[in-house]
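What follows is a set of notes on a single structure, which appears directly below.
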Amino acid sequence: MTSPIIIAIDGYSSTGKSTFAKAIAKELGYIYIDTGAMYRAVTLFALRNGYVSKNNTIDTESLRKALSRADNPVEITFRTSGPGGISETWMDGENVEGQIRTIEISRVVSHVAAEPMVRQFVDRSLRAIGVRKGVVMDGRDIGTAVFPDAELKIFMTARPEVRARRRYEEMHSRGYETTYEEILDNLSERDYIDTHRRTAPLVRAADAVLLDNSDMNVEDQMAWFRDLLRQRHLCGY
Ligand code: DC
1475 MTSPIIIAID GYSSTGKSTF AKAIAKELGY IYIDTGAMYR AVTLFALRNG
1525 YVSKNNTIDT ESLRKALSRA DNPVEITFRT SGPGGISETW MDGENVEGQI
1575 RTIEISRVVS HVAAEPMVRQ FVDRSLRAIG VRKGVVMDGR DIGTAVFPDA
1625 ELKIFMTARP EVRARRRYEE MHSRGYETTY EEILDNLSER DYIDTHRRTA
1675 PLVRAADAVL LDNSDMNVED QMAWFRDLLR QRHLCGY
């Protein structure tokens, strides 16, 4: 029995990180954590409480106070439901999975995620989950800031048009009405904010393996991943 490890999957928006990370978690019997969902849930919380103004300025002081309420801290968790074992995001006892995936949240989330205090709040939750290892986390800064000692780091990218097309199809299959152009614009804006923010910007860790999956399906990616495990003698491969 090999000891469990932490697998950090970082990369640009809509590069299929969560699909790949879920497939890895299934293969290894690991827990999958969608760290972007945590930022999305905090964004929903901030919007609902009126902490985000029209030009996306955030009332950081009110948000900080609310997130750190000692008597009743905001609780974001993941619960698995249904026969396929789909993981859904819950906030303070409410299933918010549908509400955090909208284009409205996508428009604001990078601004909220750029706040150092929000990042501290999310990092604390993620490190608490990671102590027992046996986890696959996908995000933007897992291999650089949250778990710089993760045993395996993968950095994902794909051509922008491929990413926009994938997100467009995903949004439509979920019943959201958006255009391809709107999604492409949102992706490039988020790329810019994610890579230029001061705290924990999106950057490839020096020891992360690059995966460009523009022309790969999930099967191809899993074959690539198993090879990687074999080369590194990880997880019993
Ligand atoms: O993966 P996603 O599109 O659901 O992520 C939503 C936003 O959250 C993304 O625009 C950047 C931010 N994010 C982050 O800053 N750090 C992470 N570890 C994960 C997501």
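With my numbering as the guide, the letters of the sequence shown map in order to residues 1475 to 1711. Built from N, CA and C at the ideal position, the CB exists for glycine as well.
Sorted by chain position, which residues of the same chain lie with C-beta nearer than 6 Å to GLU1549's C-beta, five sequence neighbours on each side aside?
-> ASP1566
Which partner residues does ILE1481 have in the DSSP bridge list?
-> VAL1610 and LEU1626
Look at the alpha carbon of GLY1617 and the alpha carbon of GLY1485, and state the distance between them as a whole number of angstroms.
-> 10 Å
Where DSSP assigns a beta bridge to TYR1506, which residues make up the other side?
-> VAL1610
So is ARG1648 buried or exposed if we call it buried at 16+ other beta carbons inside 10 Å?
-> exposed
Report yes or no: is there a C-beta of chain B within less than 7 Å of the C-beta of ARG1704?
-> No chain B appears in this structure, which consists of one protein chain only.
Note the first and the last residue of the continuous beta strand (DSSP E) segment covering LEU1685.
-> Segment 1683 to 1686, the beta strand (DSSP E) holding LEU1685.
Heavy atom of the ligand DC within 6 Å of THR1509 beta-carbon = yes
What are the uninterrupted segments assigned as alpha helix (DSSP H) that are 4 or more residues long and contained completely in the segment 1620 to 1683, given in chain order?
-> DSSP runs (the alpha helix (DSSP H)) wholly in the segment 1620 to 1683: 1634 to 1647 and 1654 to 1670.
Would you mind sorting ALA1515 into buried or exposed? The rule is 16 or more other CB atoms within 10 Å of its CB.
-> buried
Close-in-space but distant-in-sequence residues of the same chain around PRO1675 (CB under 6 Å, 5 per side omitted) = THR1669
Run the proximity test for SER1584: is its beta-carbon closer than 6 Å to any non-hydrogen atom belonging to the ligand NAD?
-> With respect to the ligand NAD, the structure shown offers nothing to examine, as its ligands consist of the ligand DC.
Continuous alpha helix (DSSP H) stretch holding THR1534: start and end = 1534 to 1541
Go ahead and pull the three-state DSSP assignment for SER1555.
-> strand
Counting pairs of Cβ atoms below 8 Å between the segment 1570 to 1583 and the segment 1591 to 1600, do you hit three or more?
-> The segment 1570 to 1583, when compared against the segment 1591 to 1600, does not touch it at the 8 Å Cβ threshold.
In chain order, what residues of the same chain lie with their CB nearer than 8 Å to the CB of GLU1625, ignoring the 5 residues before and after it?
-> ILE1479, ILE1480, ILE1481 and LEU1708
Cβ-heavy atom distance between ASP1668 and the ligand DC below 6 Å?
-> Distances between the C-beta of ASP1668 and the heavy atoms of the ligand DC include at least one below 6 Å.
One or two residues paired with GLU1568 in a DSSP bridge = DSSP lists MET1565 as partners of GLU1568.
Please report how far the alpha carbon of THR1673 lies from the alpha carbon of PRO1590, in whole angstroms.
-> 6 Å
Between ILE1505 and the rest of its own chain, which residues show a CB-CB distance below 7 Å, the 5 nearest in sequence each way excluded?
-> ALA1499, GLY1608 and VAL1609
Opposite ILE1550 in the DSSP bridges: which residues?
-> Under DSSP, ILE1550 takes part in a beta bridge, and its partners are MET1565.
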